[in-house]
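Residue 1176 is where the sequence shown starts when you use this note's numbering, and the numbers rise one by one after that.
Worksheet for the structure shown next.
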Amino acid sequence: MTTHATLIVGAGFAGLGTAIRLRQAGIEDFVILERAGEVGGTWRDNTYPGAACDIPSLLYSFSFAQNPDWSRTYSGGAEILGYIRAMVERFGLRDRIRLRTEVTGLAFDEAAGTWTATTAGGGEFTARTAVMAAGPLANASLPDIRGRDSYTGHMIHSARWDHGHDLTGKRVAVIGTGASAVQIVPELVGRAASVKVFQRTPGWVLPRLDRRTPAWSRALFRRSPAAQTAARQAWFWGHESMALGLVWDTVFTTAVAKAARLHLRRQVRDPWLRRQLTPHFRPGCKRMLMTSDYYPALQRDDCKLITWPIVSLSPAGVRTADGIEHEVDCIVFATGFDVGKTGTPFPIRGVGGRPLAEQWARGAQAYKSVNVAGHPNLFFTFGPNSGPGHNSALVYMESQIDYAVRAIRLILDRDLLALEVTRAAQERFNRRIQRRLARTTWNSGCTSWYLTDDGHNATMYPGFATQYARQLARLDLADYRVISRQTEEVTT
Ligand code: N01
């Protein structure tokens, strides 16, 4: 069997970005394993009406694969998916991607210094290094509401939209009011006969000032990539400054709350509805919602906000705690994702065959979010504590990718058997991360997908994107066991 230089799990932004950077570093022998029939990750899966990015496209794209032709400030999902597909062609990646190849296990062979991925079809792929790019938001979460199986109408999850089911003229319930729901609701209102939005927790909303990109700026960016880089930098620093209000509780947090309350007052006249929509947690604790058309949609005659807790689903619809049965033809679950905070998407066995899930049972942790002790030559994108709350995920992703590529280059150039972060370095790193997290807004009392049930934060990075990038700018070999293939001696 061929032993590749690298195997990459997932053909979304992170997997494809890794492939591009490997290529640019002169590493050609890699394979990308993708469980679906097409590339695109979360942007292939999330095709719900209104799907768009709430980070400006100039910043929500790779700096090494700029697109001068974004049609809007905040492009829609279809355009982002188009950008991802275009990258596959532009960088000639198609023949490296194995579609419909679902990885079911990943195991390290200590003697050979290789990772082997087993797949659902019974295949095996072996490589000297592996990159996990399966994505944190890959698996839709359908909440276990009592009576769910008894409902006889149609059910759709936001991340698996059923385009074959026309909602025109139907009575629709939307469960959830997170980032996906606030994009879906304005699209459904006016098309469906009625929309009932079931809210458990109101979120903080800021306006999203979306504009069509003027022709002159496209022409400028096409002619001058440097001008586009400058515009990207301007967006970056604008978002970076938001950390001051969203990551920590500061005077800027109060300013964000004021701006969001002003937005609510401007858009919602009814004081009772305003009260229902006012959050009781600090801005930033849950993800900020960026939308200018959600509140107006909620106030249309054919839309109603329901704040009574859901008790169960019935054959006809949704039962709430006030005893009302809301009869609907379709229930849209905008209820988010099963985000792995305590396990792995499939069994990963490192040194000694020990499952990573065991190490992560009480909360995932890694070194700089990228490497895990006992798992040499394996690199995570969007690993533990790598999430941004204020800036573009792709900025963080680029740092992770470049770190992994630098380490892979080293493994290949020095013919290493293993490059493994030490447990001591990982624990030191995590003690500091958890100390810093304790002072952030995410750990200030709200519930969110960032936290485990017992409040452990295994997802977010407690700092600026600049700090995150700086810690990944350097591969500090003092924190690793470096085992050479020839001598099998440990050199640190
Ligand atoms: O999911 P969520 P999402 N009964 O988990 C509610 C990214 N994203 O798909 O807040 C009733 O945020 C739940 O209520 P509560 C982004 O990273 C990005 O909206 O837990 N309600 C909440 O309201 C985002 O953070 C973009 O009380 C139930 C909602 O469902 C992530 O995806 C766009 C319930 C889930 O909100 C997830 O966003 C969209 C129950 N049993 C998404 N269970 C961009 O623009 C859950 N809820 C880049």
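Glycine included, C-beta positions come from ideal geometry on N, C-alpha and C.
**Prompt:** If we call anything under 7 Å between Cβ atoms a contact, is Gly1252 one with Ala1286?
**Reply:** Against a cut-off of 7 Å, the Cβ pair of Ala1286 and Gly1252 comes out as no contact.
**Item:** Any 3 or more C-beta pairs closer than 8 Å across the region 1306-1313 and the region 1242-1249
**Value:** no
**Prompt:** So Ile1485 and Phe1373 are in contact, right, with Cβ under 8 Å, and what is the actual spacing, rounded?
**Reply:** 6 Å
**For Lys1433 and Gly1378, believed in contact at Cβ under 8 Å, the rounded distance** = Wrong, their Cβ atoms sit about 16 Å apart, outside the cutoff.
**Asked** Can Ile1259 be considered in contact with the ligand N01, in the sense that its beta carbon sits closer than 6 Å to one or more heavy atoms?
**Response** no
**Prompt:** Should Ile1359 be counted as a contact of the ligand N01 given a C-beta to heavy atom distance under 6 Å?
**Reply:** no
**Request:** Check whether the Cβ of Leu1381 sits closer than 6 Å to any heavy atom of the ligand ATP, and report yes or no.
**Result:** Ligands present in the displayed structure are limited to the ligand N01, and the ligand ATP is not among them.
**Message:** Per DSSP, what are the beta-bridge partners of Ala1593 in this structure?
**Reply:** Ile1658
**Request:** Check each candidate in Ser1487, Pro1559, Arg1494 and name the one with the smallest Cα separation from Gly1515.
**Result:** Ranking Ser1487, Pro1559, Arg1494 by Cα distance to Gly1515 puts Pro1559 first.
**Item:** Range covered by the alpha helix (DSSP H) that runs through Lys1371
**Value:** Run containing Lys1371: none in the alpha helix (DSSP H); it sits in the beta strand (DSSP E), 1369-1373.
**Rounded C-alpha distance that separates Ile1259 from Ala1211** = 15 Å
**Distance, Gly1365 Cα to Thr1343 Cα** = 9 Å
**Message:** Going by beta-carbon coordinates alone, are Leu1647 and Tyr1542 separated by less than 7 Å?
**Reply:** no
**Message:** Between which two residues does the alpha helix (DSSP H) holding Met1417 run?
**Reply:** 1400-1421
**Prompt:** In this structure, does DSSP put Ala1292 in helix, strand or coil?
**Reply:** Strand at Ala1292.
**Asked** So Phe1266 is in the beta strand (DSSP E); what residue range does that whole segment cover?
**Response** Here Phe1266 belongs to no beta strand (DSSP E), and DSSP marks it neither H nor E.
**Asked** Are the Cβ atoms of Val1625 and Tyr1636 separated by less than 7 Å?
**Response** The question names Val, yet the displayed sequence has Tyr at residue 1625. Between Tyr1625 and Tyr1636, the C-beta spacing is not below 7 Å.
**Prompt:** What do you reckon, are the CB atoms on Ala1548 and Gln1609 nearer than 7 Å?
**Reply:** Contact flag unset, no.
**Request:** Please classify Trp1535: is it buried, with 16 or more other beta-carbons within 10 angstroms of its beta-carbon, or exposed?
**Result:** buried
**Through-space distance from Ala1496 to Ser1392, alpha-carbon basis** = 53 Å
**Request:** Can you have a look at Ile1586 and say buried or exposed, based on whether 16 or more other CB atoms are within 10 angstroms of its CB?
**Result:** buried
**Prompt:** Taking 6 Å as the line, does the beta carbon of Arg1375 fall inside it for any heavy atom of the ligand N01?
**Reply:** yes
**Message:** Quick check on DSSP: helix, strand or coil for Ala1548?
**Reply:** coil
**Request:** Kindly indicate which three-state DSSP category Ser1487 falls into: helix, strand or coil?
**Result:** strand
**Item:** Inter-residue Cα distance where the pair is Ser1232 and Arg1645
**Value:** Taking the straight line joining both Cα atoms gives about 23 Å.
**Span separating the alpha-carbon of Asn1552 from that of Ala1539** = 18 Å
**Message:** Helix, strand or coil, according to DSSP, for Met1262 in the structure here?
**Reply:** helix
**Message:** If you reduce the DSSP assignment to three classes, tell me which class Phe1604 lands in.
**Reply:** helix
**Prompt:** Arg1265: beta carbon under 6 Å from a heavy atom of the ligand N01?
**Reply:** no
**Request:** Indicate, with yes or no, if the ligand N01 has a heavy atom lying under 6 Å from the CB of Gly1185.
**Result:** no
**Prompt:** Quick one: does the C-beta of Gly1215 sit closer than 6 Å to a heavy atom of the ligand N01?
**Reply:** no
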